[in-house]
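**Q** So the sequences go chain by chain: P and C.
Numbered according to our numbering, the first sequence spans residues 605 to 857.
Numbered according to our numbering, the second sequence spans residues 605 to 857.
Glycine included, every Cβ here is placed at the ideal spot set by N, Cα and C.
These figures come from a predicted structure and were not determined experimentally.
Here it is: the structure, laid out below.
Protein chains: 2
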Amino acid sequence: MENNNQNLNFIYGKNPVIEALSTNPKRINKIFFQDKISFDNRLKKIMELAKSYGILTKFCNLNNFSEEKISHQGVIATISPVEYIDFDDFMQNLPKEGFKKVIILDEVSDPHNFGAIIRTGACAGFDAIIVSNHRSAPITSTVEKVSMGAVNHIKIVKVNSISAIVDYLKKEDWWIIATEVLAKDNYFDIDYTDMNFALIMGSEGKGVSKTLLNKADFRVRIPVNFESLNVSNATAVIVYEAVRQIEIKKSQK
Amino acid sequence: MENNNQNLNFIYGKNPVIEALSTNPKRINKIFFQDKISFDNRLKKIMELAKSYGILTKFCNLNNFSEEKISHQGVIATISPVEYIDFDDFMQNLPKEGFKKVIILDEVSDPHNFGAIIRTGACAGFDAIIVSNHRSAPITSTVEKVSMGAVNHIKIVKVNSISAIVDYLKKEDWWIIATEVLAKDNYFDIDYTDMNFALIMGSEGKGVSKTLLNKADFRVRIPVNFESLNVSNATAVIVYEAVRQIEIKKSQK
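Below, the structure is given as structure tokens:
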């Protein structure tokens, strides 16, 4: 297997491979099956889809392959990496209707957290996850696996400077929300339903940088009895408070 | 190092070891430092605390030790495992005042999710996490590390049969909430402020078992645009909706 090819990622397991075949077959390069495996319905489906898209398949021993000891269930696909969206393209192709919502990650480097946040953003119907070129987790196969395929369902925008993007968004009448442990307002004290907003989440060690906190229109905290939440859980709590408020407003109309 | 001792867990890294020394020094067996490491303030503090509690310390090469490739930052502690609380003890020692809240995990087996849920429960001030003897993730050093020491700040109760415990709680006038993808009510449609409640979260693959769903007083869903949330994020979303409602009620008094 060409695991010396730095430009390819790997997808492990039946459901993740089916998900990739269904949503983004063009990204798939080859599909490898475990030697002598007996084909169940999902493996048969993978083989059929591969044939229909003209994707090369091969049988080999997958067990010594994965360094990360990820369970492969008899099938691994090699895929070209998820493409980051350019910020200008993202802004130009925003839907005309409705308020926009994005999550900005300020140096979140753990792949489990990054993957879970992508999944939460897609579940909550946010428009994008924005990350910086520097010191962010790359979209590896672990990130893709943890996201359960959500990397194909939400735009992931990479920018050179988060600070410059925040300045730009503010000029365009977006509102900036940042989390801060000692903020006065709770995250549920603000109204998420009547604005375009960007929620900035910081790294677990350092939180949101001072520069970005100073630019924020709202600083909010999550009340805690012990230390702090994991960053992906903290993101889910705030993102879903926005979803809750929006759903309730919809139901009142 | 005695990594053949199946009854010991390991804590990796400066802050986790300091946390364990501060909250539960009796659990610590020995502390190992990386050979020839230069002591910064946190390592000095660890050495001082170890001496004051009479804990054995030793220098050795830690780099080949951890199979899990967890960053150790020059220090590893061996500790006796977190003690599960007996359900009867838990019920007998509940605080007299206020409503009680617990999370019940129905076969959550991923250690990252288990650790993150323990952390969320501690942050939110819940009274316990209840898990089943069977098919649950054990409290390994990964769980403890992901929980950021929260395993020492919330009771973790192990029971033989979740189904029997749910029956018992219902008789004691607790209310049972379970998540179900196709439930009619959203998780924010119910009032968490005027009852003792147990929130049942299911495994990611299978969800909450049918038996437990049938016993639930409330079945709730989290609205999603794509598949479903990661189980630790889903737990955080519902747990913090309860926290939000309780905080708002408090502020109105």
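#1: Leaving aside the five residues before and after W778(P) along the sequence, list all residues of the same chain whose C-beta is less than 8 angstroms from its C-beta, in chain order.
#2: Taking only the alpha-carbon atoms, compute the straight-line gap between P620(C) and N756(C) and give it to the nearest angstrom.
#3: Along the chain, where does the beta strand (DSSP E) containing T744(P) start, and where does it finish?
#4: Relative to the alpha-carbon of N697(P), which residue among A732(P), H716(P) and E851(P) has its alpha-carbon at the smallest distance?
#5: Drop a sphere of 10 angstroms on the beta-carbon of Y657(P), count the other beta-carbons inside from all chains shown, and report buried for 16 or more, exposed for fewer.
#6: What's the call for V835(C), buried or exposed, on a 16-neighbour Cβ count within 10 Å?
#7: Quick check on the DSSP output: the alpha helix (DSSP H) that includes T661(C) runs from which residue to which?
#8: Just verifying my parser: in three-state terms, what is the DSSP assignment at D710(P)?
#9: Give the single residue among G753(P), I743(P) and Y791(P) whose Cα lies nearest to the Cα of P629(P).
#10: Would you be able to state if there are at least three C-beta pairs under 8 angstroms between the region 756-770 of chain C and the region 682-702 of chain C?
#11: Against F830(C), what residues of chain P qualify as contacts under a CB-to-CB distance less than 7 angstroms, listed in chain order?
#12: Please confirm if R823(C) has its CB atom under 8 angstroms from at least one CB of chain P.
#13: Helix, strand or coil: which one does DSSP assign to D789(C)?
#14: DSSP beta-bridge partners for I635(P)?
#15: Can you tell me the Cβ-Cβ gap for S745(C) and N613(C), rounded? I've got them flagged as a contact below 8 angstroms.
#16: Starting from T797(P), trace the beta strand (DSSP E) in both directions and tell me its first and last residue.
#17: On the DSSP letters alone, give me the boundaries of the beta strand (DSSP E) that K759(P) sits inside.
#18: To which residues does DSSP link A732(P) through a beta bridge?
#19: Based on the DSSP output, what are the partners of N619(P) in its beta bridges?
#20: What does H676(C) reach in chain P if we use C-beta pairs closer than 8 angstroms?
#21: Just to check my reading of the structure: Q856(P) and T797(P) have Cβ atoms closer than 8 angstroms, yes? What is that Cβ distance to the nearest angstrom?
#22: From which residue to which residue does the beta strand (DSSP E) around F822(C) run?
#23: Quick check: what's the CA-CA separation for K788(C) versus R823(C)?
#24: Look at the alpha carbon of R825(C) and the alpha carbon of E784(C), and state the distance between them as a whole number of angstroms.
#25: In terms of alpha-carbon separation, which member of D795(C), K662(C) and S626(C) lies closest to I641(C)?
#26: For P620(C), which residues in chain P fall below 9 angstroms Cβ to Cβ?
#27: Grouping DSSP H, G and I as helix and E and B as strand, with all else coil, what is I842(C)?
#28: Answer with yes or no whether the minimum CB distance from G617(P) to chain C is below 8 angstroms.
#29: What does A732(C) touch in chain P if you count any residue whose Cβ is under 9 angstroms from its own?
#30: Would you tell me roughly how many angstroms separate the C-alpha atoms of I842(P) and N717(P), rounded to the nearest one?
#31: Taking the DSSP output, what are the residues bridged to G811(C)?
#32: Going by DSSP in three states, F830(C) sits in which element: helix, strand or coil?
#33: Anything in the region 778-802 of chain C with a Cβ closer than 8 angstroms to a Cβ of chain P? List those residues in chain order, please.
#34: If we ignore side chains and look at the alpha-carbon of each, how far apart do F685(C) and P742(C) end up?
**A** Walking through what the data contain:
#1: Here residue 778(P) refers to the residue found at position 174 of the first sequence. Closer than 8 angstroms at the Cβ level, and outside the excluded window around W778(P), lie K704, M799, N800, F801 and A802.
#2: Stepping through the second sequence from its first residue, residue 620(C) is reached at position 16. Stepping through the second sequence from its first residue, residue 756(C) is reached at position 152. Rounded to the nearest angstrom, the two C-alpha atoms are 11 angstroms apart.
#3: By 1-based counting over the first sequence, the position of residue 744(P) is 140. Segment: none, T744(P) is in no beta strand (DSSP E) and carries neither H nor E.
#4: Taking the first sequence and counting its residues from 1, the one referred to as residue 697(P) is at position 93. Among A732(P), H716(P) and E851(P), the Cα nearest to that of N697(P) is on A732(P).
#5: Stepping through the first sequence from its first residue, residue 657(P) is reached at position 53. Exposed: under 16 other Cβ atoms inside 10 Å.
#6: The residue labelled residue 835(C) in the question sits at position 231 within the second sequence. V835(C) is buried by the Cβ-count criterion.
#7: One-based indexing of the second sequence puts residue 661(C) at position 57. No alpha helix (DSSP H) holds T661(C); the beta strand (DSSP E) holding it covers L660 to C664.
#8: Residue mapping note: residue 710(P) aligns to position 106 of the first sequence, counting from 1. Correct three-state label for D710(P): strand.
#9: Here residue 629(P) refers to the residue found at position 25 when the first sequence is read from its first residue. Looking at the Cα atoms, G753(P) is the closest of the given residues.
#10: yes
#11: Start at 1 with the first residue of the second sequence, and residue 830(C) comes out as number 226. Here the neighbours are A726, C727, A754 and H757.
#12: For the purposes of this step, residue 823(C) is identified with residue 219 of the second sequence, where counting begins at 1. No, R823(C) lies away from the interface with chain P (no Cβ there is under 8 angstroms from its Cβ).
#13: Indexing the second sequence from 1 puts residue 789(C) at position 185. If DSSP states are grouped into helix, strand and coil, D789(C) belongs with the strands.
#14: Translated into positions along the first sequence, residue 635(P) becomes position 31. The partner list for I635(P) (beta bridge, DSSP) reads T661(P) and A681(P).
#15: As a first step, residue 745(C) is located in the second sequence; it is residue number 141 there, counting from the start. As a first step, residue 613(C) is located in the second sequence; it is residue number 9 there, counting from the start. Yes, they are in contact, since the Cβ atoms of S745(C) and N613(C) sit about 5 angstroms apart, within 8 angstroms.
#16: Locating residue 797(P) in the first sequence gives position 193, counting from the first residue. Where T797(P) is concerned, there is no enclosing beta strand (DSSP E), given that its DSSP letter is neither H nor E.
#17: Here residue 759(P) is taken as the residue at index 155 of the first sequence, counted from 1. First-last of the beta strand (DSSP E) with K759(P): K759 to V763.
#18: In the first sequence, the residue the question calls residue 732(P) occupies position 128. V706(P) and K759(P), per the DSSP bridge assignment.
#19: Position 15 of the first sequence, counted from the first residue, corresponds to residue 619(P). DSSP output for N619(P) lists no bridge partner at all.
#20: The residue labelled residue 676(C) in the question sits at position 72 within the second sequence. Going along chain P, no residue has its Cβ under 8 angstroms from H676(C), so there is no contact; the nearest lies around 16 angstroms.
#21: Taking the first residue of the first sequence as position 1, residue 856(P) is located at position 252. Taking the first residue of the first sequence as position 1, residue 797(P) is located at position 193. With 8 angstroms as the limit, Q856(P) and T797(P) do not qualify as a contact, their Cβ atoms being about 10 angstroms apart.
#22: By 1-based counting over the second sequence, the position of residue 822(C) is 218. F822 to R825 is the extent of the beta strand (DSSP E) around F822(C).
#23: Taking the second sequence and counting its residues from 1, one reaches residue 788(C) at position 184. Taking the second sequence and counting its residues from 1, one reaches residue 823(C) at position 219. Approximately 8 angstroms between the Cα atoms of the pair.
#24: Here the question's residue 825(C) lines up with position 221 in the second sequence. Here the question's residue 784(C) lines up with position 180 in the second sequence. Each residue's alpha carbon lies about 6 angstroms from the other.
#25: Counted from its first residue, the second sequence places residue 641(C) at position 37. Out of D795(C), K662(C) and S626(C), K662(C) has the C-alpha closest to the C-alpha of I641(C).
#26: In the second sequence, counting from the first residue as 1, residue 620(C) sits at position 16. Result: empty, since nearest Cβ-Cβ is about 12 angstroms, beyond 9 angstroms.
#27: Reading the second sequence from its first residue, position 238 is the one you call residue 842(C). Helix.
#28: Counting from 1 along the first sequence, the entry for residue 617(P) is found at position 13. No, because no Cβ of chain C sits closer than 8 angstroms to the Cβ of G617(P).
#29: As a first step, residue 732(C) is located in the second sequence; it is residue number 128 there, counting from the start. None at all; the shortest Cβ gap to chain P is about 14 angstroms.
#30: Numbered from 1 along the first sequence, position 238 holds the residue referred to as residue 842(P). Numbered from 1 along the first sequence, position 113 holds the residue referred to as residue 717(P). Those two C-alpha atoms are separated by around 15 angstroms.
#31: On the second sequence, position 207 is the one that residue 811(C) refers to. According to DSSP, G811(C) bridges with S807(C).
#32: Residue 830(C) sits at position 226 when you count from the first residue of the second sequence. Note: F830(C) maps to coil in three-state DSSP.
#33: N790 and F792
#34: Translated into the one-based positions of the second sequence, residue 685(C) becomes position 81. Translated into the one-based positions of the second sequence, residue 742(C) becomes position 138. Residue identity check: residue 685(C) is Pro in the sequence provided, not Phe. Spanning the two alpha carbons is a distance of roughly 10 angstroms.
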